[in-house]
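Heads up: the structure comes next, in structure tokens.
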Amino acid sequence: MTDEKRLEFATQARQLLALFNEPFWGATREQTDEMHLADYCETLAKGRADLGLAEETAMHAVMGPSDIVYAFTGNTPNAGDRAKALVGFINTMPFLLDALEELIDLKRTYSARVTELITHNSEQLMENCAQRDVIRQQQAKIDWLLKQIPGVEAA
-10 MTDEKRLEFA TQARQLLALF NEPFWGATRE QTDEMHLADY CETLAKGRAD LGLAEETAMH
50 AVMGPSDIVY AFTGNTPNAG DRAKALVGFI NTMPFLLDAL EELIDLKRTY SARVTELITH
110 NSEQLMENCA QRDVIRQQQA KIDWLLKQIP GVEAA
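Read the sequence shown against the working numbering and you will find it ends at 144, with the numbers running on by one and no gaps.
Below, the structure is given as structure tokens:
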């Protein structure tokens, strides 16, 4: 996948995230299929009344093999886009996880390399400082010796 495609997906994903206003995980109590259907009928009726939906609406879902329903996203105007977004997020999750692992690995690698370079540069600096001290001491000795010779002036 090219960087352009990745950036395009990121832009689309940010737009699709706006379809999910403060989402949270929810579950019903354990009950029979008939009881689940009755609860769902109440949920649909409430949504229909709150949003002023028509009597007949399409039901949107995230589905898998053999028409297994992973998640219903409902019958509201944005339900289809929410289902598409969830499918897109699920299908791109392997890429996102790979990219995250790659970034973590790169960060670890570069952090180790930067630490190595800083350590090396610090050691070089300390060595250079020590060499300059030796040079200063040698220069002082030379200057002292030159002063001991009559008629020679130190630099």
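Ideal placement from N, C-alpha and C gives every residue a C-beta, glycine not left out. Quantities reported herein were computed from a predicted structural model and do not represent experimental measurements.
As assigned by DSSP and simplified to three states, the class of residue i
| i | result |
| --- | --- |
| Leu42 | coil |
| Trp133 | helix |
| Ala47 | coil |
| Thr17 | coil |
| Gly36 | helix |
| Phe9 | coil |
| Glu31 | helix |
| Thr(-9) | coil |
| Glu142 | coil |
Interface flag, residue i vs chain B, CB-CB below 8 Å
| i | result |
| --- | --- |
| Thr104 | The structure shown contains no chain B, having only a single protein chain. |
Buried versus exposed, by CB contacts within 10 Å (16 or more), residue i
| i | result |
| --- | --- |
| Leu135 | exposed |
| Gly63 | buried |
| Arg71 | buried |
| His109 | exposed |
| Leu75 | buried |
For a minimum of 3 consecutive residues, which ranges assigned as the beta strand (DSSP E) are wholly contained in the segment 49 to 123?
If one requires a minimum length of 3 residues, the beta strand (DSSP E) runs lying completely within the segment 49 to 123 are 49 to 52 and 58 to 63, in chain order.
I want to know whether the segment 7 to 16 touches the segment 61 to 79 - three or more CB-CB distances under 8 Å.
At 8 Å Cβ cutoff, the stretches touch.
Evaluate the contact criterion for the segment 88 to 99 versus the segment 16 to 24: three or more CB pairs, one atom per stretch, below 8 Å.
Too few Cβ pairs lie closer than 8 Å, so no.
The segment 69 to 89 / the segment 104 to 111 touching (three or more Cβ pairs under 8 Å)
No, because fewer than three Cβ pairs between the segment 69 to 89 and the segment 104 to 111 fall closer than 8 Å, the two stretches do not touch.
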